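**Q**
Chains as they are written, first to last, in my numbering: chain A, 14 to 281; chain B, 58 to 274.
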């Protein structure tokens, strides 16, 4: 799946890219198990064709799009983003996709659309750990409409020039590079435009640990560990000190204004 | 103590194996195999995408395994009628401490870069880390008094009382593991170790309640 170099500011970091083998074997995708190697082992059963994504709620043009329609909706771009997991590790991944804004513009949100809720596949027949008590299924994520419209917010279909591997969220996922990785919902089946802030899966599981915003922020610790540093997978040697985490994962120049006047310690 | 139990068939022959001079060095080498395997993995880069995390977790796993083995010696020598098993308890206990220290060092080095200020800030902030650290601290006096002169100096009674701390270590260790896994509600492995420890500690409790003479361990 080829993508042209993106013209979006901040969309092409020149940092060393994480090895494909690491990016596809060290995953959090709890529908396929909670171990890091589980998704690569168990995601083979996921059927990504046929696939549809329902666009619902506060839009003038609600519709259900097939994956083929989505792939043709806008030109593919390559975006090389830092990915910071809330657990304290990070990667650099070349994604292929287009700005979510392209899709949003086409479905014409109404004045009531303040947030977007992203619902992901929860099929116990294809996903052995749907039904485990880790989270409430289906996995739900959410963004404020202005966050979703930001050009860096990516609807991704590929990585490393190829179609997304199942364990990385095939056939279509979200990538929000300035937020912790769990905000970037995988294997999307529903995009709902809503007026109220969505109750996200991790918020429901532990609201004191995982807020709605979940912006990468080295100054606001997770209740159980520090967020000041991170380990870059495959690059930082075993005995190397962890590297400092950057505000908004290094995308402060691009997204900082979205949060002007917001208390980020309270709205973590 | 085995005199009160009928010796199973072949016990004498097995006992003689356990009493062979080579038995202890063999156990010593076997106990170092997990470390050798991890060192090989670190050098050959076969520990996966996040080798630092793999090392921290594996050393923790091995601490728990050696703790279970150590605590199994006393019940096993009664169940099997093999008093000679007692010869290996001290070494297994010391290896528990050894892997516990390695576990802590891996965390302090690989996660914290040996930054003492960071470590002293980090441990109290995380209850599960605090509990693990407490377990390690409690093991230290046991390791320090594991040689014969210490036993003589303390007297068998006091030495035995001190070494009952291992029960607290076991409870703290399993709580540490449970808490670590609680974030993902992933308790399958925790349950296995908890069941093993429950049997090993429960056996002692029952034995104690029956007022049968039981050696500390």
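All C-beta atoms, glycine included, are put in the ideal place defined by N, C-alpha and C. Being a predicted model, the structure only gives us computed values, none of them experimental.
With distances taken Cα to Cα, identify the nearest neighbour of residue 62(A) among 139(A), 120(A), 224(A), 151(A).
**A** Working through the first chain from its first residue, we reach residue 62(A) at position 49. Selected option, being the one with the closest Cα: 139(A).
**Q** If we cut at 9 Å on Cβ distances, does residue 254(B) have a partner in chain A?
**A** Within the second chain, the letter at position 197 stands for residue 254(B). It does not: the Cβ of residue 254(B) has no partner Cβ on chain A nearer than 9 Å.
**Q** Mind reading off the beta-carbon distance from residue 220(B) to residue 199(B)? Whole number of angstroms is fine, and I expect it under 8 Å.
**A** Translated into the one-based positions of the second chain, residue 220(B) becomes position 163. Translated into the one-based positions of the second chain, residue 199(B) becomes position 142. Right, their Cβ atoms sit about 6 Å apart.
**Q** What does DSSP give as the partner residue(s) for residue 95(A) in the beta ladder?
**A** The residue labelled residue 95(A) in the question sits at position 82 within the first chain. Looking at the DSSP assignment, residue 95(A) forms a beta bridge with 105(A).
**Q** 9 Å is my cut-off, CB to CB: does residue 237(A) come that close to chain B?
**A** Residue 237(A) sits at position 224 when you count from the first residue of the first chain. Interface annotation, residue 237(A): in contact with chain B, CB-CB separation under 9 Å.
**Q** Could you tell me the boundaries of the beta strand (DSSP E) in which residue 130(B) lies?
**A** Start at 1 with the first residue of the second chain, and residue 130(B) comes out as number 73. No beta strand (DSSP E) holds residue 130(B); the alpha helix (DSSP H) holding it covers 108-137.
**Q** Which whole-angstrom value is the C-beta distance of residue 124(A) and residue 167(A), which I expect to be below 8 Å?
**A** Counting from 1 along the first chain, the entry for residue 124(A) is found at position 111. Counting from 1 along the first chain, the entry for residue 167(A) is found at position 154. Actually they are not in contact, since the Cβ atoms of residue 124(A) and residue 167(A) sit about 26 Å apart, beyond 8 Å.
**Q** Is residue 118(B) close to chain A? Criterion is C-beta to C-beta, closer than 9 Å.
**A** Working through the second chain from its first residue, we reach residue 118(B) at position 61. Judged by the 9 Å Cβ criterion, residue 118(B) is not in contact with chain A.
**Q** If we ignore side chains and look at the alpha-carbon of each, how far apart do residue 80(A) and residue 184(A) end up?
**A** Along the first chain, one-based indexing puts residue 80(A) at 67. Along the first chain, one-based indexing puts residue 184(A) at 171. The straight-line gap from Cα to Cα measures roughly 8 Å.
**Q** What distance in whole Å lies between the Cβ atoms of residue 165(A) and residue 21(A), which are believed to be in contact at a cut-off of 8 Å?
**A** Sequence index remark: in the first chain, residue 21(A) carries index 8 (1-based). Sequence index remark: in the first chain, residue 165(A) carries index 152 (1-based). That belief holds up - the Cβ atoms of residue 21(A) and residue 165(A) are roughly 6 Å apart, short of 8 Å.
**Q** Would residue 227(A) pass as a contact of residue 281(A) if the rule is Cβ separation under 9 Å?
**A** Indexing the first chain from 1 puts residue 227(A) at position 214. Indexing the first chain from 1 puts residue 281(A) at position 268. It is a contact, given that the beta carbons lie within the stated cut-off.
**Q** Below 9 Å between beta carbons: does that hold for residue 225(A) and residue 211(A)?
**A** The residue given as residue 225(A) occupies position 212 in the first chain. The residue given as residue 211(A) occupies position 198 in the first chain. Going by C-beta atoms, residue 225(A) is nearer than 9 Å to residue 211(A).
**Q** Which of helix, strand or coil does DSSP assign to residue 208(B)?
**A** As a working mapping, residue 208(B) is identified with position 151 in the second chain. Three-state DSSP puts residue 208(B) in a helix.
**Q** What's the call for residue 132(A), buried or exposed, on a 16-neighbour Cβ count within 10 Å?
**A** Mapped onto the first chain, residue 132(A) falls at position 119. So residue 132(A) ends up on the buried side.
**Q** Once the 5 residues before and after residue 218(A) are set aside, which same chain residues still bring their CB inside 8 Å of it?
**A** On the first chain, residue 218(A) is found 205 positions in, with the first residue counted as 1. Correct list, in chain order: 147, 148, 149.
**Q** Would you say residue 74(A) and residue 120(A) are within 9 Å of each other, going by their C-beta atoms?
**A** As a working mapping, residue 74(A) is identified with position 61 in the first chain. As a working mapping, residue 120(A) is identified with position 107 in the first chain. In this structure, residue 120(A) lies closer than 9 Å to residue 74(A) by Cβ.
**Q** Helix, strand or coil: which one does DSSP assign to residue 58(B)?
**A** Within the second chain, the letter at position 1 stands for residue 58(B). At residue 58(B), the pLDDT of 42 sits below 50, so the modelled position is not reliable; the number obtained from the coordinates is stated separately. The answer is coil: DSSP assigns residue 58(B) none of H, G, I, E or B.
**Q** Residues in the stretch 144-165 of chain A with C-beta within 8 Å of chain B's C-beta atoms, listed in sequence order?
**A** Of all residues in the stretch 144-165 of chain A, the ones placed with a Cβ closer than 8 Å to any Cβ belonging to chain B are 145, 146, 147, in chain order.
**Q** Based on the DSSP output, what are the partners of residue 130(A) in its beta bridges?
**A** Here the question's residue 130(A) lines up with position 117 in the first chain. Answer is 155(A), 205(A).
**Q** Can you list, in chain order, the residues of its chain with a C-beta nearer than 6 Å to that of residue 46(A)? Leave out the 5 residues immediately preceding and following it.
**A** Within the first chain, numbered from 1, the residue matching residue 46(A) stands at position 33. Contacts found: 55, 142.
**Q** How about residue 58(B): is its C-beta nearer than 9 Å to some C-beta of chain A?
**A** Here residue 58(B) refers to the residue found at position 1 when the second chain is read from its first residue. Its pLDDT being 42, under 50, residue 58(B) is placed unreliably by the model, and the measurement read from it follows with that caveat. For residue 58(B), the answer is no, since every Cβ of chain A falls outside 9 Å of its Cβ.
**Q** Would residue 148(B) pass as a contact of residue 239(B) if the rule is Cβ separation under 9 Å?
**A** Start at 1 with the first residue of the second chain, and residue 148(B) comes out as number 91. Start at 1 with the first residue of the second chain, and residue 239(B) comes out as number 182. Taking 9 Å as the Cβ cut-off, residue 148(B) and residue 239(B) do not qualify as a contacting pair.
**Q** What separation, rounded to the nearest whole angstrom, lies between the Cα atoms of residue 183(B) and residue 25(A)?
**A** Counting from 1 along the second chain, the entry for residue 183(B) is found at position 126. Counting from 1 along the first chain, the entry for residue 25(A) is found at position 12. Cα-Cα distance, rounded: 36 Å.
**Q** Pull up the DSSP beta-bridge partners for residue 111(A), would you.
**A** For the purposes of this step, residue 111(A) is taken as the residue at position 98 of the first chain. 168(A).
**Q** Check distances from the C-beta atoms of the stretch 202-225 of chain B to those of chain A and list, in chain order, the residues that come in under 7 Å.
**A** none
**Q** Assuming the contact rule is C-beta atoms closer than 8 Å, residue 31(A) and residue 180(A) should be a hit. Round their C-beta distance to whole Å, please.
**A** Residue numbering aside, residue 31(A) sits at position 18 when the first chain is read from its first letter. Residue numbering aside, residue 180(A) sits at position 167 when the first chain is read from its first letter. About 14 Å separates the two Cβ atoms, so there is no contact after all.
**Q** What would DSSP say about residue 192(A), mapped onto helix, strand or coil?
**A** As a working note, residue 192(A) is residue 179 in the first chain. Here residue 192(A) sits in strand by DSSP.
**Q** Give the residues of chain A in contact with residue 147(B), contact being defined as C-beta atoms less than 7 Å apart.
**A** Counting from one through the second chain, the residue named residue 147(B) turns up at place 90. Ordered by position in chain A, no residue passes the 7 Å Cβ test against residue 147(B), which lies about 32 Å from the chain.
**Q** Checking 9 Å against the spacing of the C-beta atoms, do residue 96(A) and residue 197(A) come in under that value?
**A** Reading the first chain from its first residue, position 83 is the one you call residue 96(A). Reading the first chain from its first residue, position 184 is the one you call residue 197(A). Result yes, Cβ atoms of residue 96(A) and residue 197(A) sit closer than 9 Å.
**Q** Buried or exposed for residue 242(B), please, with buried defined as at least 16 other CB atoms from any protein chain shown within 10 angstroms of its CB.
**A** Stepping through the second chain from its first residue, residue 242(B) is reached at position 185. By the 16-neighbour rule on beta-carbons within 10 angstroms, residue 242(B) is exposed.
**Q** Closer than 7 Å by beta-carbon distance: list the chain A residues that pair up with residue 248(B), in chain order.
**A** Taking the second chain and counting its residues from 1, the one referred to as residue 248(B) is at position 191. Those within 7 Å of residue 248(B) in chain A number zero; the least Cβ separation is about 14 Å.
**Q** Suppose contacts are defined by Cβ-Cβ distances below 9 Å. Is residue 207(A) in contact with residue 66(A) by that definition?
**A** Indexing the first chain from 1 puts residue 207(A) at position 194. Indexing the first chain from 1 puts residue 66(A) at position 53. Inclusion of residue 207(A) and residue 66(A) in the CB contact set at 9 Å is not warranted, their separation being larger than that value.
**Q** Assuming residue 178(B) is part of the beta strand (DSSP E), what are its boundary residues?
**A** To locate residue 178(B), count along the second chain from 1; it is residue 121. It is not in any beta strand (DSSP E) - residue 178(B) instead sits in the alpha helix (DSSP H) that spans 173-182.
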